[in-house]
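Trainee: With our numbering as the guide, the letters of the sequence shown map in order to residues 14 to 182.
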Amino acid sequence: MRVPSLYNKPKVRWLLSGAAIGFCISWLLFLYMFGAMQERQAVLLEKQKNHMNNLKVQLSIWQEEYQELNKKNLHKLTVQDIEVDIMNYKKYGIDDAQSIFSAKEQIKEDLSVLYAKDLETVYSHKELIRQTIENKTLKINKRNYSLHVKEWYFYTTIHIQLEMELEDS
């Protein structure tokens, strides 16, 4: 058995040559389209890479500024609460919790101007605050008492420990 010769049939030759030429053209077209698509992807990736680098730089700048603001704000803390403790009220026979509570509230009311002030300002005026507290005379159970500052702590909450002393009248 032998393979038939195709040189006698021109239509088969045209078909095979057309298929070969079509294959070459389609392959060239595919390479061109694939290259163009890869070129666009490479440009897009480069843009995204540059954008990410810019965002990283901006993030580091924001973080540095945020840390600097935190450091500044540490120095600018404000007074948010005042706590007053009277230490030796039992020495004078004051067993009435309401009287001690009202005395503490009077002192807090006198110091209410300190709320929302920055801590540096309050600390720089601590002697004025001491004089304000020590010049206060409390009247509890028909007796007059003066106060003396024993200890105090300055932070967002000011803790003041006071001692009572009976005034001679």
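Note that CB positions come from ideal geometry on N, CA and C, so glycine has one too.
Within 8 Å, do at least three Cβ pairs link the stretch 123–140 to the stretch 102–110?
Mentor: no
Trainee: Compute the beta-carbon to beta-carbon distance between Leu132 and Leu90, rounded to the nearest angstrom, for a pair I have assumed lies under 8 Å.
Mentor: 4 Å
Trainee: Under 7 Å Cβ to Cβ from His172, same chain only, skipping five residues before and after it: list those, please.
Mentor: Counting only Cβ-Cβ distances below 7 Å, and skipping sequence neighbours, we find Glu96, Trp165, Tyr166.
Trainee: For the candidate residues Asn154, Glu180, Ser30, Ser39, whose alpha-carbon lies nearest to that of Asn148?
Mentor: Among Asn154, Glu180, Ser30, Ser39, the Cα nearest to that of Asn148 is on Glu180.
Trainee: Going by C-alpha to C-alpha distance, which of Arg156, Val92, Ile107 sits closest to Leu127?
Mentor: Nearest option by C-alpha distance: Val92.
Trainee: Alpha carbon to alpha carbon, how far is Lys117 from Thr169?
Mentor: 19 Å
Trainee: Do Glu178 and Lys163 count as a contact pair if the criterion is CB distance below 7 Å?
Mentor: no
Trainee: Helix, strand or coil for Met107, going by three-state DSSP, please let me know.
Mentor: One point to set straight first is that residue 107 is Ile, not Met, in the sequence displayed. Three-state result, Ile107: coil.
Trainee: Would DSSP call Lys149 helix, strand or coil?
Mentor: coil
Trainee: Specify, as a first and last residue, the run of the beta strand (DSSP E) that Glu178 falls within.
Mentor: 170–179
Trainee: Taking Cβ to Cβ, would you say Ile107 is nearer than 7 Å to Ile153?
Mentor: yes
Trainee: Exposed or buried, which one is Leu82 when buried takes at least 16 other CB atoms within 10 Å?
Mentor: exposed
Trainee: So, at 7 Å on beta carbons, what are the nonlocal neighbours of Ile113 in its own chain, with the 5 sequence-adjacent residues on each side left out?
Mentor: The answer, listed in chain order, is Ile99, Tyr102, Ile107.
Trainee: Tell me which residue opens and which closes the alpha helix (DSSP H) that Ser137 is part of.
Mentor: 132–137
Trainee: How would you label Ile38, buried or exposed, when you count the other beta carbons within 10 angstroms and need 16 or more for buried?
Mentor: It counts as exposed.
Trainee: Let's see if you can read the secondary structure: which residues bound the beta strand (DSSP E) around Ser159?
Mentor: 156–166
Trainee: Name the one or two DSSP bridge partners that Val97 has.
Mentor: Ile173, per the DSSP bridge assignment.
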